[in-house]
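There are 2 protein chains.
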Amino acid sequence: MERLKILVVDDESRMRKLVKDFLVKSNYEVVEAEDGGAALDIFFGQKDIALVILDVMMPKVDGWEVCREIRSYSKVPIIMLTAKGDERDELQGFQLGVDEYISKPFSPKILVARVEAILRRTNQVNAEEVIQAGGIQMNKAAHIVLIDGKQIDLSYKEFELLAYFMENKGLALSREKILNSVWNYDYFGDARTIDTHVKKLRSKMGGKGELIKTVWGMGYKFEVND
Amino acid sequence: MERLKILVVDDESRMRKLVKDFLVKSNYEVVEAEDGGAALDIFFGQKDIALVILDVMMPKVDGWEVCREIRSYSKVPIIMLTAKGDERDELQGFQLGVDEYISKPFSPKILVARVEAILRRTNQVNAEEVIQAGGIQMNKAAHIVLIDGKQIDLSYKEFELLAYFMENKGLALSREKILNSVWNYDYFGDARTIDTHVKKLRSKMGGKGELIKTVWGMGYKFEVND
DNA sequence: GCAAATTATGTTAAAATTGTGAAAATTACT
DNA sequence: AGTAATTTTCACAATTTTAACATAATTTGC
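This is the structure in structure tokens:
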């Protein structure tokens, strides 16, 4: 699963940068717009904006207007940044279908917490559970593996095996360890079975297959060269 | 908007945990009490309990007594968990001012739905009722599913199942997870039942049936290809 | 370089899982 | 009660995955 995209609209670039930094740190992708017009262009241009953070006070097209425009076509969650304690604003906003208010000044922590709460509510998607290494992205919840952005099909065991490798990258893993972790503890079959799975995994991974290295006389190791 | 606090009163810790888990997932804050006395202490100690979920059967102070005590001071919404089909209970309860009954065993989904319904009624909290993904529109309140704008008929279970898939789109869902969410928690039947429902669902969904993908060795996944 | 040990690979059989249709059981509706 | 609709179970076919094995290729230590 790809990272969720958040559109941040504010005329102050410092504020945009602040918000962006914290969202990026929390593993979201951020798109910026410096005024209402640009915001609408971007929003309707790309279709995968998961959430919009809107400053109320902006020159020309203000936050309310942007909100109204978006709402007439989309139910995307909207968070509004308002000046402190302006209750009239809040009332107006709820009628427009704003999901959440955050009054300035706010702590970035609060911002991130609210964002996550809303996205959890609407999308039920966890932003955290993506393992990434050497151009491979793995989402365990979705059971998806992307190599250079392209999805590849793995069987259950292959997936588990790759997950184990990625979670222990850089470590030399004996066949015994691998068996005990990826197979059931009561599996007493041939340890060479692992070889077969490694073979298939490598071939399905194309060039990235070389990241699974053979540790002679021992087992295997997933190693990222960087 | 702060999360609403719900007090869950039950002498069985497993039941408390079950209920709590689902409420927390729906973004509520949960406070637990393991008997009537503790419940009253908590309720009158903190003043921001938005809703109370009460088990009828409890040692010492039972649910009715707790309900009576609370009602003499507060109009907070109360949901009662009762044994199945005990009508005398329900009668007694309505006189005491119980807002809603849920008879055990219940599906956690039902619980959350009732909680949201009540809070919406009393608190004017608006939850979005239309889910949309991959050309499928679902109105849970009206129990209507549109595929490419055309309505299709689904049975109750089929509807619930599709709703669960859509609410968890992109996630690989094990049969166990599906059973625990869409079926009652005390359903111990064959997990393969799900397969049959998936089959019917897929066929009723026509071409869109392919959005429900099989995750081999695991379960199913609703995935929108965009 | 050579022999021994170890790993890679292709093939194939066995095992596990899912799809499907039909029957049985349950529930809802007259 | 009787009928229809829904849900569940079951058996078997179809599919996919897994494990095993034989043989080729590679590495290591001498």
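From first to last, the protein sequence lines stand for chains R and L.
If you count the first sequence from 1, you need to add 1 to reach the working numbering.
If you count the second sequence from 1, you need to add 1 to reach the working numbering.
By construction, the Cβ of each residue, glycine as well, lies at the ideal position given by its N, Cα and C atoms.
Under DSSP, Ser175(R) shares a beta bridge with Gly220(R). Judged by DSSP in its simplified three-state form, Leu155(R) adopts coil rather than helix or strand.
Within the stretch 135 to 153 of chain R, those residues whose Cβ lies closer than 7 Å to any Cβ of chain L are, in chain order, Ala142, Ala143 and His144. Shown here is that no member of the stretch 163 to 174 of chain R has a Cβ falling below 8 Å from a Cβ of chain L. Taken residue by residue, none of the stretch 185 to 208 of chain R has a beta-carbon sitting less than 7 Å from a beta-carbon on chain L.
With contacts defined by Cβ atoms closer than 9 Å, Ala34(L) and Val57(L) do not form a contacting pair. Any Cβ of chain L closer than 9 Å to the Cβ of Tyr157(R) would place that residue at the interface, and such an atom is present. CA-to-CA, the gap between Ala142(R) and Ile132(R) works out to about 11 Å.
Around the beta carbon of Ile79(L), a 10 Å sphere encloses 16 or more other beta carbons of the protein chains shown; the residue is thus reported as buried.
Judged by DSSP in its simplified three-state form, Ala39(R) adopts helix. In summary, His144(L) is exposed, with fewer than 16 beta-carbon neighbours lying within 10 Å of its beta-carbon over all protein chains present. Contacts between Lys222(L) and chain R, judged by CB atoms closer than 8 Å, involve Ala143 and His144 in chain order. Per the coordinates, the alpha-carbon of Ala173(L) lies some 16 Å from the alpha-carbon of Gln138(R). Fewer than three Cβ pairs drawn from the stretch 206 to 218 of chain R and the stretch 8 to 27 of chain L lie within less than 8 Å of each other, which leaves the two stretches out of contact.
Close partners of Val225(L) in chain R (Cβ separation under 7 Å) are lacking, with about 11 Å as the shortest Cβ gap.
Ala51(R) is classed as buried because its beta carbon has at least 16 other beta carbons within 10 Å across all chains shown. With a cutoff of 9 Å on beta-carbon distance, Leu82(L) and Ile43(L) are scored as not near each other. Residues of chain R whose Cβ lies closer than 7 Å to the Cβ of Gly218(L) are, in chain order, Tyr157. Shortest Cα-Cα distance from Ala164(L) to any of Leu202(L), Asp149(L) and Thr197(L) involves Leu202(L). Proximity of Val131(L) to chain R, defined by a Cβ-Cβ separation below 9 Å, is satisfied.
By the 16-neighbour rule on beta-carbons within 10 angstroms, Phe160(R) is buried.
Using a 10 angstroms sphere on the CB of Trp184(L), the tally of other CB atoms reaches 16 or more, which defines it as buried.
Separation of the CB atoms of Val62(R) and Ile71(R) is rounded to 12 Å, and the pair is thereby denied contact status at 8 Å.
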